[in-house]
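Below: one structure, written as structure tokens.
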Ligand SMILES: Cc1cc2nc3c(=O)[nH]c(=O)nc-3n(C[C@H](O)[C@H](O)[C@H](O)COP(=O)(O)OP(=O)(O)OC[C@H]3O[C@@H](n4cnc5c(N)ncnc54)[C@H](O)[C@@H]3O)c2cc1C
Ligand code: FES
């Protein structure tokens, strides 16, 4: 009989007023007892609505049953049959719109904490199971993976397991994609990402950093070097700006720049050589995960006031529920229904404020969300010395402009066949944000998996 | 890891390094740049490619010791390795179809201007060079420039070598007596600004090489953005070379000072570290 408590087992976490001054992981993870208790809330529904909500169809009731039975390694095996990065996904998936959004327990009370259980199982495995990964026998076929984000890493792992000789080419000096340069340490410790990559290397995957494909080597060069299949998982790393006056002032950053300085270059550590501008009043424009991460980093770097400036309301805000909740706890101020129209500077081009308009919501637009409209006479000034633009990114043009015959759409996304990730170029596959535009870790991972399968079939 | 095969001081504050980086050397072209990190905790800094040898698999960089990172870089010796070295980045200089070009280099900018002058000369373009330095101790690459140029004008602020005066004075002279398809100016922002103002009067197309603060060098952060003709451009992918008549130099100079205080602090820290 299931435990009928209405609420999830609470997640142990660092207190907000302590954690908003450091970069340690906020959520501490369940103990075994908490995990088993939470697993016992699962009804083991026959029709498994949660599985339908999972982009990679993890057999969720089955893994939860193993947790109920305290067979944590068994649970891990079930998850890892579908997911290459469970320790990551358990931490960053938007569960409330996926598996947990479909959970029957959520109709009355809170859904089963599937994400937290996934994280528990993955962390338990990392801490307790030390079997060295087996290096499969090579089939002699070389595969090149461009980009080391979740899409590229997943594709690399699956192909390596099948015996392919896989090389991952990464533009930056560290592998991991958004997982290392974007998502902050306090949400996803970099040691976890590093461990996943070590695991791949142990299986024989080569990781070549400092390799900007399209500059140092082209896709055609890779074929000429003997790679028989290529997967492009180069993400959507090109930051967008609003196009309003004042965006080039000193103190205006793209979220990518701000987060890269903090996370990849470790600007928050005293011995880092990379500088970061520590504002007193920081305004972050946008309402997604990226905006929450930037705001929470700014707070941790000592800002007195940090605002999220978002043009719709709390109802439409796209970030993960947990991140919004954590941001509010940490003292981030939400200025919703607010849209900047100009950034103001002093005589030395330093940001001193922002002109904003208040918005109200009209009829739904093509995305189904209610369209924000300007409220008459609502112009006002917001004082700020740092502005961070977190209004979205698109795929970088470098690969498409140097790969003849690679079809892209009007947003610059690579066009692929839905199931296989096959592009318009023979032997070239693609997936993740490079194909969909900025999306999620789990979707990128799923695309990497499907492409690995398709590449294997193509080369068999 | 990228080995330093050769290192030499060109003047008291400018050094040249030849780095083993075969893949970069394979693709490098004049006008492009690399990004390097000295060590594991180092920052990423862009440096323009000052030469390359495809056969030997080496790339030459020339740097001025200005901040903590270049100080750290300069501590390394032949046989030591750089932690990271990525490139070639940015667009190469356009060298096609030019009959006569004036190349203007200021200070360490001459290091970047030289491969451009050489590439042009190799294509049969007539190159005249104006090179400017503060004084005679800082003069670099004179022989190399003379070899690539029809006329070489050396200018120093104090007249201790060549002529006394600013590069714009010699350039004005050249613009009066010759017809140029293009002027290429590489050096401090103020110099490029005044060269561009001058050439505008003569209506001669002018290319300048911008080197703003960068992180990735691939278009990912937007930290390198500059304003060109009222439009925002990313110097690392849209440049580094731009039309000097359209660049907003005043904004670029202010943006360049963003981390000034931090740089000072790191330099002092580094000097202390070295003394200990
Ligand atoms: C700050 C932030 C927070 C986020 N939070 C969440 C979250 O909580 N939950 C969630 O599900 N998703 C989140 N996302 C989105 C998620 O991270 C991405 O959807 C996912 O990482 C996409 O994976 P990918 O493999 O397609 O690309 P990426 O992770 O972007 O990796 C692409 C890699 O390719 C490299 N590359 C690019 N061009 C080249 C080239 N020419 N040559 C070689 N290498 C190249 C890049 O350097 C990068 O390392 C967040 C994103 C950001 C930026
Ligand atoms: S250096 Fe980051 S976009 Fe140019």
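Residue numbers (our numbering), protein chains in the order written: chain A, 1 to 460; chain B, 461 to 736. Ideal placement from N, C-alpha and C gives every residue a C-beta, glycine not left out. In this text the structure is predicted, and so the values were computed from the model without any measurement.
inquiry  = When you compare the CB positions of residue 614 of chain B and residue 602 of chain B, do they come within less than 8 Å of one another, or not?
reply    = yes
| said: Using a 10 Å radius around the Cβ and a threshold of 16 neighbouring Cβ atoms, would you call residue 415 of chain A buried or exposed? | reply: So residue 415 of chain A ends up on the exposed side.
Fill in: Residues that residue 172 of chain A contacts on chain B, provided the C-beta gap is smaller than 7 Å
676
Check: So is residue 272 of chain A in contact with chain B if we call contact Cβ pairs under 8 Å?
Finding: Yes, residue 272 of chain A lies at the interface with chain B (some Cβ there is under 8 Å from its Cβ).
TODO: Note down, in chain order, each residue of its chain lying with its Cβ closer than 7 Å to the Cβ of residue 681 of chain B, except the 5 sequence neighbours on either side.
DONE: 675
| task | Name, in chain order, the residues that DSSP records as bridge partners for residue 612 of chain B. | result | According to DSSP, which records beta bridges pairwise, residue 612 of chain B is partnered with B:589.
Tell me which same chain residues have a C-beta within less than 8 Å of the C-beta of residue 679 of chain B, skipping the five on either side of it? 694, 696 and 697
Legend entry - Whole beta strand (DSSP E) elements within the stretch 522–555 of chain B, 3-residue minimum: List check, beta strand (DSSP E) in window: 544–549.
Next on the checklist: Can you find the residues in the same chain that come closer than 6 Å, C-beta to C-beta, to residue 599 of chain B, ignoring five residues on each side of it along the sequence?
Outcome noted: 593 and 621
In chain A, what lies closer than 7 Å to residue 719 of chain B by C-beta? 275
Closer than 8 Å to chain A by CB, residue 613 of chain B:
So, not an interface residue.
Which residues in the same chain have their Cβ closer than 7 Å to the Cβ of residue 617 of chain B, if we skip the five residues on either side of it in sequence?
594 and 595
**Report entry** Cut-off 6 Å between Cβ atoms - residues of its own chain near residue 154 of chain A, not counting five sequence neighbours on either side
**Finding:** 84, 445, 448 and 449
query = For the 8 Å Cβ check, are there 3 or more pairs between the stretch 167–183 of chain A and the stretch 118–138 of chain A?
reply = no
So for residue 300 of chain A, helix, strand or coil by DSSP? helix
request  = Taking only beta-carbon positions, decide if residue 545 of chain B is within less than 8 Å of chain A.
outcome  = Yes - at least one Cβ of chain A is within 8 Å of the one on residue 545 of chain B.
**Asked** If we ignore side chains and look at the alpha-carbon of each, how far apart do residue 9 of chain A and residue 325 of chain A end up?
**Response** Here the alpha carbons of residue 325 of chain A and residue 9 of chain A stand approximately 16 Å from one another.
Practice problem: Kindly indicate if chain B contains any beta-carbon less than 8 Å away from that of residue 265 of chain A. | Solution: yes
- Query: What do you reckon, are the CB atoms on residue 32 of chain A and residue 79 of chain A nearer than 8 Å?
  - Reply: no
Contact set between the stretch 283–312 of chain A and chain B, restricted to residues whose Cβ is under 7 Å from the partner
none
Exercise for the section: Apply the 10 Å Cβ neighbour rule to residue 732 of chain B and answer buried if 16 or more other Cβ atoms are within range, or exposed otherwise. Expected result: exposed
TODO: Please compile the residues from chain B whose C-beta is within a distance smaller than 8 Å of the C-beta of residue 254 of chain A.
DONE: 681, 682 and 683
*Answer with yes or no whether the minimum CB distance from residue 380 of chain A to chain B is below 8 Å.*
no
query: Is residue 681 of chain B near ligand 2, judged by its Cβ being under 7 Å from some heavy atom?
result: Distances between the C-beta of residue 681 of chain B and the heavy atoms of ligand 2 include at least one below 7 Å.
Taking any Cβ of chain B, which residues in the stretch 143–162 of chain A have a Cβ under 8 Å from it, in chain order? none
* To do: Report all residues from its chain with a CB closer than 7 Å to the CB of residue 75 of chain A; omit the five preceding and five following residues, and keep chain order.
  => 63, 66, 67 and 121
**Q.** Buried or exposed by the 16-neighbour rule on C-beta atoms within 10 Å, applied to residue 280 of chain A
**A.** exposed
**Test: residue 212 of chain A CB closer than 8 Å to a CB of chain B** = yes
Q.
I'd like to know if residue 408 of chain A contacts chain B, where contact means its C-beta is closer than 8 Å to some C-beta of that chain.
A. Chain B, which has no Cβ nearer than 8 Å to the Cβ of residue 408 of chain A, makes this no.
Inset, instruction - Classify residue 676 of chain B as helix, strand or coil using the three-state DSSP reduction. - result: Coil.
beta-carbon residue 708 of chain B near ligand 1 non-hydrogen atom, thresh 7 Å: no
Inset, instruction - Would you check if the distance between the CB atom of residue 512 of chain B and the CB atom of residue 485 of chain B is smaller than 8 Å? - result: yes
Buried or exposed: where does residue 15 of chain A fall if 16 or more other Cβ atoms within 10 Å of its Cβ makes it buried? exposed
- Under the three-state reduction of DSSP, which class applies to residue 413 of chain A: helix, strand or coil? coil
Short CB-CB distance (under 8 Å) between residue 501 of chain B and chain A: yes
Inter-residue Cα distance where the pair is residue 405 of chain A and residue 440 of chain A | C-alpha separation (whole angstroms): 27 Å.
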